[in-house]
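Chains as they are written, first to last, in my numbering: chain P, 1262 to 1373; chain X, 2 to 115.
All C-beta atoms in this analysis are idealised placements derived from N, C-alpha and C, irrespective of residue type, glycine included.
Because the structure is a prediction, the values reported are computed rather than measured.
Have a look at the structure below, then the notes.
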Amino acid sequence: GAGVSQSPRYKVAKRGQDVALRCDPISGHVSLFWYQQALGQGPEFLTYFQNEAQLDKSGLPSDRFFAERPEGSVSTLKIQRTQQEDSAVYLCASSLTDTEAFFGQGTRLTVV
Amino acid sequence: DQQVKQNSPSLSVQEGRISILNCDYTNSMFDYFLWYKKYPAEGPTFLISISSIKDKNEDGRFTVFLNKSAKHLSLHIVPSQPGDSAVYFCAAKLSGGSNYKLTFGKGTLLTVNP
Chain P
1262 GAGVSQSPRY KVAKRGQDVA LRCDPISGHV SLFWYQQALG QGPEFLTYFQ
1312 NEAQLDKSGL PSDRFFAERP EGSVSTLKIQ RTQQEDSAVY LCASSLTDTE
1362 AFFGQGTRLT VV
Chain X
2 DQQVKQNSPS LSVQEGRISI LNCDYTNSMF DYFLWYKKYP AEGPTFLISI
52 SSIKDKNEDG RFTVFLNKSA KHLSLHIVPS QPGDSAVYFC AAKLSGGSNY
102 KLTFGKGTLL TVNP
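Shown next as structure tokens:
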């Protein structure tokens, strides 16, 4: 597709359940980002990949959060043992080097 | 500690008039600024940007002004249209090695009334 694609669009998880969120970036985009957007807030940086290398994971809130991009294209954000405070929209973005980032529609995660 | 602040949660303007959205930042190392527009249930869409070496950038109906000494930027939309109704996010990038990471404000909901 032409844009960044994220799946699923919506996810409801029971507290303690593991979830995996997928991101298909724009073809050829080297850089990939994950952001978390809580209700009423702006997106907050989670992690950054350049190709398959995870260069920055300083924004991941805890060791329950894990991201990978093994072949430098599709990325997965995994959250283990979900908690209510993990409820948010998770946004993926991709870009060519040093250009503006293009965002996907996001995955809305609700932990009940 | 919010490094990028959008102090107006909402703004309402009449169609055809000017919309002015404001953004303040605290980190003097930011050197590139962007505005994103977000419709409900969609991801943010890039709108316009400005480098810190400039004080103005214009693209059609959208103009961004940067006042470095005041650490303030604003987005002007002229004339405003109902389709401009959305949440607008101001974002900033650091210079140097961390220039990939965007720091966002909380957003301003713009409503343009017909």
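Amino acids of chain P, ordered along the chain, whose beta-carbon sits closer than 9 Å to that of serine 50(X)
Glu1361
Give, in chain order, every residue of the segment 22 to 49 of chain X whose Cβ lies closer than 9 Å to some Cβ of chain P.
Leu35, Tyr37, Lys39, Ala42, Glu43, Gly44, Pro45, Thr46, Phe47
Residues bridged to serine 11(X) (per DSSP):
Leu110(X)
Suppose you measure from the CA of histidine 77(X) to the CA of asparagine 23(X); what does that come to, to the nearest Å?
9 Å
Check whether chain X comes within 8 Å of proline 1304(P), counting only Cβ atoms and requiring the distance to be less than that.
yes
Rounded C-alpha distance that separates valine 88(X) from glutamate 43(X):
11 Å
Decide if the segment 28 to 36 of chain X is in contact with the segment 62 to 73 of chain X; the criterion is three or more beta carbon pairs, one per stretch, under 8 Å apart.
yes
Straight-line CA distance for alanine 1274(P) to alanine 1362(P)?
29 Å
According to the neighbour-count rule (16 or more other Cβ atoms, all chains shown, within 10 Å of its Cβ), is serine 1319(P) buried or exposed?
Per the 10 Å Cβ criterion, exposed.
Can you confirm whether leucine 95(X), when its beta carbon is compared against all beta carbons of chain P, has any partner nearer than 8 Å?
Answer no: the Cβ-Cβ gap between leucine 95(X) and chain P never drops below 8 Å.
Excluding sequence positions up to five away, which residues of its chain have a Cβ less than 6 Å from the Cβ of aspartate 1279(P)?
Cβ within range, chain order: Gln1341.
Alpha carbon to alpha carbon, how far is leucine 1352(P) from glycine 1277(P)?
22 Å
Kindly indicate if chain X contains any beta-carbon less than 8 Å away from that of glycine 1289(P).
no
Pop quiz: aspartate 85(X) and leucine 48(X) are said to be a contact at Cβ under 8 Å. What is the actual Cβ separation, rounded to whole angstroms?
Actually they are not in contact, since the Cβ atoms of aspartate 85(X) and leucine 48(X) sit about 10 Å apart, beyond 8 Å.
Contact with chain P by glycine 61(X), beta-carbon distance below 8 Å:
no
Using a Cβ-Cβ cutoff of less than 7 Å, which residues in the same chain neighbour valine 1372(P) once the five nearest sequence positions on both sides are dropped?
Ala1274, Arg1276, Thr1343, Gln1344, Gln1345, Asp1347, Ser1348
Going along the segment 1300 to 1324 of chain P in order, which residues come within less than 9 Å of chain X, judged by CB to CB distance?
Among the residues of the segment 1300 to 1324 of chain P, those with a Cβ less than 9 Å away from any Cβ of chain X are Gly1301, Gln1302, Gly1303, Pro1304, Glu1305, Phe1306, Tyr1309, Gln1311, Leu1316, Asp1317, Ser1319, Gly1320, in the order of the chain.
Using beta-carbon positions only, say whether aspartate 32(X) and serine 52(X) come within less than 8 Å of one another.
yes
What does the alpha-carbon distance come out to for the pair serine 1266(P) and proline 1286(P)?
6 Å
Confirm the yes/no value for this check: CB of lysine 57(X), any heavy atom of the ligand FAD, distance under 7 Å.
As for the ligand FAD, it is missing from this structure, which has no ligand bound.
Hey, would you say leucine 67(X) sits closer than 8 Å to lysine 55(X), going by beta carbons?
yes
Whose C-alpha, out of Gly106(X), Val113(X), Pro115(X), Asn114(X), is nearest the C-alpha of lysine 6(X)?
Gly106(X)
Could you tell me whether any Cβ in chain P is nearer than 8 Å to the Cβ of tyrosine 101(X)?
yes
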